[in-house]
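Residue numbers (this note's numbering), protein chains in the order written: chain V, -5 to 479; chain S, 20 to 89. One structure below.
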Amino acid sequence: MSAVAVCLTAIAAIVAIGTAIGFLAGAHRRMDLEQWTVGGRGFGVVLIFLLMAGEVYTTFAWLGSSGWAYSRGGPTLYVLAYLTLAYVVSFFILPQIWELGRRHGLQTQSDFFGLRYGNKYLAGFVCLVGIASFVPYLQLQITGVGIIVSIASFDTISRPAAMAVAVVLLVAFVFASGVRAVAWVSVVKDLLMVGSALAIGIGIPYLYFGGVGPMFAALAHAKPAHLTMPGATANQGHAWFISTVLLTSLGFYMWPHAFGASFTAKSAETLRRNAVVMPLYTLTLAFIFFAGFTAVLVVPGLPNGDLALLTVVRRSFPPWFLGVVGGSGALTAMVPAAIFLLTAATLFAKNLYRPLFAPSMSDDQVARLARAMVVVLGLISLTLAIFSSTTLVSLLLMGYAGVTQFFPGVVLGLYWNRVTTPAVFAGMVAGVATAVVLMLTHRDPLLGVNAGFLALCLNLLIVTGVSLLSRAPAGDARELLQGAT
Amino acid sequence: MRRPSTGALLLALIPFAAMCFSVPLWDRIDPMVLGLPFNLFWLVSWIVLTPACMWGAYRIESAAQRQGAP
């Protein structure tokens, strides 16, 4: 067999095995809306760990962070800090959200806003921003698969063709399975991913420099500025680092799927324990960074940093190994993308369309509409992925600028009885508008500070200010939140 | 909702101070430790130390919860 055939066969086999596991996990269970979205609310420590880990390691971790290590250097370190700190934040909010979810039968983030603030337009707006933020995140995953397949096929398969196939597989997978399948495919995906990350992160520096230490010594000698901030960028210094780490660690569990994953847990205790151990998972990324930094010296001058990891793997290892890495990478894109599609489609049908336009829809009709939306969203993301050239990290940060605007509404909603519905609404609208305007006019970062973070500050200011100026809300918020331990 | 206890919040603040706010202090290449540039070494160390802090926070919260329960 030729190198291309070996490589593509390995990728196809891994994706097929992963998908088969997903189908098996989904079989034999009646898929009503509750089972499809929150897995019947019965996930214990192990499944919830797998589900959450399955969501964290996306193509972003794989290609995007190594891509930034290659093209930008120092600023990519923000990834290690933000993922670790995101779990610290989750310790204080997820158990409380879970508790409310259990008592009031919540399934989605928008349900939470509807319950806490009693306003269907606010809940609808949360949905809309959530879905819009998912689009760049989905686009990121699809672009990732395109990059993997085109490099693994030694550029014989075009990127758009690979992306189209990935979207078809993805939609089929989501239709057949639901959230439980995703948790199980994560097992395969994470084993492969951790294994390949270690092999690549240690193997590649060893091949060219005799070890990780000598590689960094050589890089520090050749390009000392690359290893610290702002690295190869003009405006991503320490202020950018602090503001971006805050934006993304506070925003991490504001992603509708991450927020919703807490409802699948069996108990609040599960979530608290999970928050303690999850940071260790971030260690894997350090190894991916090693490979990205090695690529700076070994394969300089690539047009796009996101190609760096696989290009250096292709140059250093036999084709079957490139296939294994590519297959793991493809699963790493498809598993989270399935979750995003599932969440965004459910949000659209259940929390946006039904309450605002068709209150009489049955649960079955909602489930059908959600499935139709899976296809629509898949096609939108595919189109964007084909026609855009933004780097993977920038896509992710765009999504974060949107979802983090939920943070004041969630946290103040949990802990401050005084917060009012108009205040949260006004803050969120101002935050989202500021983020969108700054990004569209290419003012991110603004004066060295992450634009999404500036929007978040404005949002917080408005929420607290307006709440303090308006009359205290009636007692029902208090009743709603109390009784919880 | 019951506010988290001050002890747990202070413990949670440690990783934030170490990995985020103090970046100008540790964003350097030298001294290299275990072959890693100092900034990378520092972050990797705190990935390991953060669960220790959060384990403390977990103990405090569990104790507070038992007391708060009727």
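We put the beta carbon where it would ideally sit given N, CA and C, even for glycine.
*Give me the Cβ distance between residue 425 of chain V and residue 453 of chain V, rounded to the nearest whole Å; I'm assuming they're in contact under 8 Å.*
3 Å
*Is residue 404 of chain V close to chain S, meaning its C-beta is less than 8 Å from at least one C-beta of that chain?*
no
_CB-CB length for residue 60 of chain S against residue 53 of chain S, believed under 8 Å_ = 6 Å
*Any C-beta of chain V sitting closer than 8 Å to the C-beta of residue 50 of chain S?*
no
*Anyone know if the C-beta pair for residue 2 of chain V and residue 317 of chain V falls short of 8 Å?*
yes
*When DSSP labels each residue in this structure, what does residue 245 of chain V get in the three-state scheme?*
helix
*Do three or more CB pairs link the stretch 431 to 450 of chain V to the stretch 114 to 133 of chain V at distances below 8 Å?*
no
*residue 304 of chain V: which of V:53, V:9, V:402 sits nearest, CA to CA?*
V:53
*Given a threshold of 16 other Cβ atoms within 10 Å of its Cβ, counted over all protein chains shown, does residue 266 of chain V qualify as buried or as exposed?*
buried
*asked:* Cβ closer than 7 Å: which chain S residues qualify as neighbours of residue 110 of chain V?
replied: Simply none; closest approach about 11 Å.
*asked:* Could you compute how far the alpha carbon of residue 289 of chain V sits from the alpha carbon of residue 209 of chain V?
replied: 10 Å
*Given 8 Å as the limit, is there contact between the stretch 65 to 81 of chain V and the stretch 396 to 403 of chain V, that is, 3 or more CB pairs closer than that?*
no
*asked:* Buried or exposed, going by whether 16 or more other CB atoms sit within 10 Å of the CB of residue 213 of chain V?
replied: buried
*Nearest to residue 251 of chain V (by Cα), restricted to the options V:262, V:330, V:87*: V:330
*Under a Cβ-count criterion, where at least 16 other Cβ atoms within 10 Å of its own Cβ denotes burial, should residue 89 of chain S be classed as buried or exposed?*
A caution first: residue 89 of chain S carries a pLDDT of 46, below 50, which makes its placement in the model too unreliable to give a value.
_Cα-Cα separation between residue 275 of chain V and residue 218 of chain V, rounded to whole angstroms_ = 29 Å
*asked:* If distances are taken between C-alpha atoms only, which option among S:29, S:21, S:64 comes closest to residue 75 of chain S?
replied: S:29
*Can you round the beta-carbon distance between residue 386 of chain V and residue 150 of chain V to whole angstroms, since I take them to be within the 8 Å contact cut?*
Residue 386 of chain V to residue 150 of chain V, Cβ: 23 Å. No contact.
*Which residues bound the alpha helix (DSSP H) around residue 100 of chain V?*
It is not in any alpha helix (DSSP H) - residue 100 of chain V carries neither H nor E in the DSSP assignment.
*Return the CA-CA distance between residue 140 of chain V and residue 157 of chain V, expressed in angstroms with no decimal places.*
5 Å
*Under 8 Å between C-beta atoms, does residue 69 of chain S make it to chain V?*
yes
*Which one of V:458, V:399, V:418, V:416 has the shortest CA to CA distance from residue 447 of chain V?*
V:399
*What are the residues of the stretch 220 to 240 of chain V that lie near chain A, defined by any Cβ-Cβ distance shorter than 8 Å?*
Protein chains in the displayed structure are V and S, and chain A is not among them.
_Please confirm whether residue 36 of chain S has its beta-carbon closer than 8 Å to some beta-carbon of chain V._
no
_Quick check on residue 259 of chain V: does DSSP put it in helix, strand or coil?_
strand
_Buried versus exposed call for residue -4 of chain V [16 or more other C-beta atoms within 10 Å across all chains shown]_ = exposed
*Per the contact definition of three or more C-beta pairs closer than 8 Å, is the stretch 350 to 365 of chain V in contact with the stretch 175 to 190 of chain V?*
no
*Alpha carbon to alpha carbon, how far is residue 81 of chain S from residue 92 of chain V?*
16 Å
*Cβ pair count under 8 Å reaching 3, the stretch 82 to 89 of chain V against the stretch 255 to 272 of chain V*: yes
_For residue 458 of chain V, would you say it is in contact with chain S, using Cβ-to-Cβ distances shorter than 8 Å as the test?_
no
*asked:* Quick check on DSSP: helix, strand or coil for residue 293 of chain V?
replied: coil
*So, is residue 350 of chain V buried or exposed, given that buried needs 16 or more other C-beta atoms within 10 angstroms?*
exposed
*What residue range is occupied by the uninterrupted alpha helix (DSSP H) comprising residue 39 of chain S?*
Here residue 39 of chain S belongs to no alpha helix (DSSP H), and DSSP marks it neither H nor E.
*Would you mind giving the Cβ-Cβ distance between residue 79 of chain V and residue 237 of chain V, rounded to the nearest angstrom? I have them listed as a contact below 8 Å.*
About 13 Å; that fails the 8 Å criterion.
*Helix or strand or just coil, what does DSSP make of residue 454 of chain V?*
helix
*Between the Cα of residue 311 of chain V and those of V:8, V:199, V:346, V:56, spot the shortest distance and give me the residue it belongs to.*
V:199
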